[in-house]
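The sequence shown begins at 0 in numbering that gives the first Met the number 0 and counts up by one. Input: a single structure, listed below in structure tokens.
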Amino acid sequence: MNVSHSTHRPQTLISNRLQPGGTGRCELVSRFNGFGGASRKPLKRLSAFTALNTWLKPGANERGNRCLRRLAIWLLGPLLAFLATTASARTITLKPEAVDAFATLSESHPRSGWAAQQIDPTLFVSNPPIGGANTSYLVRYSFDQIPKGNRITHAEWVVPVGFAATSTVTVWRVLAEWGIGVCHQFRMVHPKRLEWSVPGARGRSVDRATKPTGSGKFEPGMVHVTVNVTQDVELWHGGAAPNRGWLLAFDGPCILISPTHAGRQQWQLRVTYEPE
Numbered sequence: 000m001n002v003s004h005s006t007h008r009p010q011t012l013i014s015n016r017l018q019p020g021g022t023g024r025c026e027l028v029s030r031f032n033g034f035g036g037a038s039r040k041p042l043k044r045l046s047a048f049t050a051l052n053t054w055l056k057p058g059a060n061e062r063g064n065r066c067l068r069r070l071a072i073w074l075l076g077p078l079l080a081f082l083a084t085t086a087s088a089r090t091i092t093l094k095p096e097a098v099d100a101f102a103t104l105s106e107s108h109p110r111s112g113w114a115a116q117q118i119d120p121t122l123f124v125s126n127p128p129i130g131g132a133n134t135s136y137l138v139r140y141s142f143d144q145i146p147k148g149n150r151i152t153h154a155e156w157v158v159p160v161g162f163a164a165t166s167t168v169t170v171w172r173v174l175a176e177w178g179i180g181v182c183h184q185f186r187m188v189h190p191k192r193l194e195w196s197v198p199g200a201r202g203r204s205v206d207r208a209t210k211p212t213g214s215g216k217f218e219p220g221m222v223h224v225t226v227n228v229t230q231d232v233e234l235w236h237g238g239a240a241p242n243r244g245w246l247l248a249f250d251g252p253c254i255l256i257s258p259t260h261a262g263r264q265q266w267q268l269r270v271t272y273e274p275e
């Protein structure tokens, strides 16, 4: 293989030499060897960059440098704070194991807190949960997994649904205390018997909040609805209101996915929090 080496040195395309008789400023000169041979002329388009470079030199314009430094600090400060906050935020997913209280409120069986559906005269079931206009559910989660000293930034509840459901599910924050023996008629029977202000926890501003937390409509082919529950979780975790859970209400027949069998991984309460 023959290899040839050229000793020709290409001419410099751009030179910043001072020209004789110049003004003392650094002028950019072109030495492009084009069709007309070598030529020398100022690069006027680069004069702005030259001026900027001279202006930023130490001592050339100290006032301008200070302004730029302050501007950089003003812009970078909030950006760094935002990045630090984002990096410290954490999201956890609460599964059905985090539910510490659950009950069925069925108008057809007002004294039972677990009979959601009657199969025959002697058999009642509550799993999978079957909702309807006259059947709702009380669900309360424990938030012990969220460390103290953190604030809630976002929370959403994923409610999975069975096949061919077309009803609307509405989530209400429960206000009244409920406990042992809770059912459609009573909110507790021990240590003493207390009734709901309206059976089925339907009393607004007394049994449940004045306005619903959120709602979603099940459509054919949908597998779940997601409800934003940030405000409720923030109230409970921050101690501004006692955690009495939610009431799931429906405007028509609806079969939900079992939280203890096939839907164990589908029932999710996703909570994002960050240090206060």
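Glycine residues also receive a C-beta, built at the ideal position from the N, C-alpha and C atoms.
Assuming residue i and residue j make a contact with CB atoms under 8 Å, what is their CB distance in whole Å?
| i | j | result |
| --- | --- | --- |
| residue 225 | residue 151 | No, residue 225 and residue 151 are not in contact; Cβ-Cβ is about 17 Å, not under 8 Å. |
| residue 269 | residue 155 | 5 Å |
| residue 248 | residue 135 | 4 Å |
Return the chain-ordered list of same chain residues with a C-beta closer than 7 Å to the C-beta of residue i, the five sequence neighbours on each side being excluded.
| i | result |
| --- | --- |
| residue 188 | 179 and 180 |
| residue 235 | 142 and 242 |
| residue 211 | 169, 170 and 171 |
| residue 51 | With a pLDDT of 45 at residue 51, under the threshold of 50, the predicted position of this residue should be treated as unreliable, and no value is reported. |
For residue i and residue j, what's the separation of their Cα atoms in angstroms?
| i | j | result |
| --- | --- | --- |
| residue 167 | residue 130 | 10 Å |
| residue 206 | residue 68 | 59 Å |
| residue 233 | residue 191 | 31 Å |
| residue 219 | residue 165 | 6 Å |
| residue 70 | residue 142 | 43 Å |
| residue 148 | residue 120 | 52 Å |
| residue 231 | residue 66 | 46 Å |
| residue 239 | residue 157 | 24 Å |
| residue 275 | residue 89 | 13 Å |
| residue 118 | residue 146 | 44 Å |
| residue 193 | residue 114 | 20 Å |
| residue 73 | residue 273 | 24 Å |
| residue 186 | residue 122 | 24 Å |
| residue 75 | residue 267 | 37 Å |
Skipping 5 residues on each side, what residues in its chain have a beta carbon closer than 6 Å to that of residue i?
| i | result |
| --- | --- |
| residue 213 | 170, 226 and 227 |
| residue 183 | 104, 105, 106, 109, 198 and 199 |
| residue 173 | 207, 243, 244 and 246 |
| residue 298 | Here the chain covers residues 0 to 275 and nothing more, so residue 298 does not appear. |
| residue 153 | 229 and 271 |
| residue 216 | 167 |
Please list, in chain order, all residues of the same chain as residue i whose beta carbon is under 8 Å from its beta carbon, the five residues on each side excluded.
| i | result |
| --- | --- |
| residue 144 | 91, 93 and 97 |
| residue 161 | 127, 253, 254, 255 and 256 |
| residue 222 | 159, 160 and 265 |
| residue 250 | 132, 166, 167 and 169 |
| residue 99 | 139, 140 and 141 |
| residue 196 | 175, 202, 205 and 206 |
| residue 209 | 203 |
| residue 77 | none |
Would you check if the distance between the CB atom of residue i and the CB atom of residue j is smaller than 8 Å?
| i | j | result |
| --- | --- | --- |
| residue 246 | residue 175 | no |
| residue 237 | residue 138 | no |
| residue 95 | residue 271 | no |
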